[in-house]
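Asks: Before I ask anything, let me first share the structure, which is written out below as structure tokens.
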Amino acid sequence: MKREAAITQPPEEAVLHDSLLGARLMESGPASPDALPISPEDVTSEAWPKVQISAIPESHITVMGLHGGAGASTLAALMGEGVGDHGQAWPEPPDGQALGVVAVFRSHWRGLEAADRFAEQWAAGMLTGSVLLGLVIVDDGPALSDGQRRAMKRLLKMTPRGTRIPWVEAWRHASPDSGRIPGRITRITRALHQAAADL
């Protein structure tokens, strides 16, 4: 009797391409708002909500969503244990404790609009206490319009770091499998952890 060969399924999403950043993981922007030519008086949008926290996460990193459904909880899970998730409010830790914040938003119009408001308030020095590590864009679909691409390229350079998680079709149907995370995303999360370690 002829034995059937075992079928080995290749790793899902083993290679994840980024049509905006190419081989680069991140864009770099201003390290802090100190030298930027904008003040709180220039900001017309409503002040971003803030929350006082009594203790910081073990990793000294927290993820915040810039709107509902931004993907903050998913990113926090991808970054591993010890990473906080403080909802949509800017976290203010106890005095003297360093906390890095990763702000997450989707690539649809609502997310891009929220990211614009957030980046403007950060640039004006209105978000203090914690340290903004950067922005993470999570694609809202498998294809981007030209307008989305232009807005995303601009936003990626408005804070210390800007990066993107391209569309992963499998994540529409199930939570990310920790054993099958694309290498690009693993490298992004490592870079964010390193940035927090340097605070």
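The opening position of the sequence shown corresponds to residue 4 in the working numbering, with each subsequent residue numbered one higher. Where a beta carbon is used, it is the ideal one built from N, C-alpha and C, also for glycine.
#1: Got a sec? Which residues, its chain only, sit under 6 Å from residue 16 by beta carbon, not counting five neighbours each side?
#2: Leaving out five residues before and five after residue 158 in sequence, what residues of the same chain have Cβ atoms less than 8 Å from its Cβ?
#3: Do residue 54 and residue 106 have their C-beta atoms closer together than 8 Å?
#4: Quick check: the Cα distance between residue 176 and residue 41, rounded to an integer number of angstroms?
#5: Apart from the five residues on each side of it in sequence, which residues of its chain come closer than 6 Å, Cβ to Cβ, to residue 68?
#6: For the region 67-127, list the beta strand (DSSP E) runs that are entirely contained and at least 3 residues long, ordered along the chain.
#7: Where does residue 158 sit, in a helix, a strand or coil, going by DSSP?
#8: Going by beta-carbon coordinates alone, are residue 101 and residue 36 separated by less than 8 Å?
#9: Sorted by chain position, which residues of the same chain lie with C-beta nearer than 8 Å to residue 50's C-beta, five sequence neighbours on each side aside?
#10: Could you name the residues that DSSP lists as bridge partners for residue 46?
#11: I need the boundaries of the alpha helix (DSSP H) containing residue 27, first residue and last residue.
#12: Does DSSP put residue 137 in a helix, in a strand, or in coil?
#13: On a CA-only basis, which of 110, 145, 136, 146 is nearest residue 156? Give me that one, please.
#14: For the beta strand (DSSP E) that contains residue 32, what are its first and last residues?
#15: Just mark residue 151 as buried or exposed, buried being the case when its beta carbon has 16 or more other beta carbons within 10 Å.
#16: With distances taken between CB atoms, is the gap from residue 199 to residue 63 smaller than 8 Å?
#17: Going by Cα to Cα distance, which pick from 112, 80, 84, 58 is closest to residue 94?
#18: Pick helix, strand or coil for residue 1, following the three-state DSSP scheme.
#19: Using the beta-carbon count (16 or more within 10 Å), is residue 143 buried or exposed?
Replies: For this structure:
#1: A caution first: residue 16 carries a pLDDT of 44, below 50, which makes its placement in the model unreliable, though a value can still be read off. Around residue 16: 171, 185.
#2: 115, 118, 119, 122, 138, 140, 165
#3: no
#4: 43 Å
#5: 75, 91, 107
#6: 93-95, 103-109
#7: helix
#8: no
#9: 124, 129
#10: Paired residues: none, contrary to the question.
#11: Careful: residue 27 lies outside any alpha helix (DSSP H) and carries neither H nor E.
#12: strand
#13: 110
#14: Counting along the chain, residue 32 falls outside any beta strand (DSSP E), and DSSP gives it neither H nor E.
#15: buried
#16: yes
#17: 58
#18: Lying outside 4 to 202, the shown extent of the chain, residue 1 is not represented and no answer is given.
#19: buried
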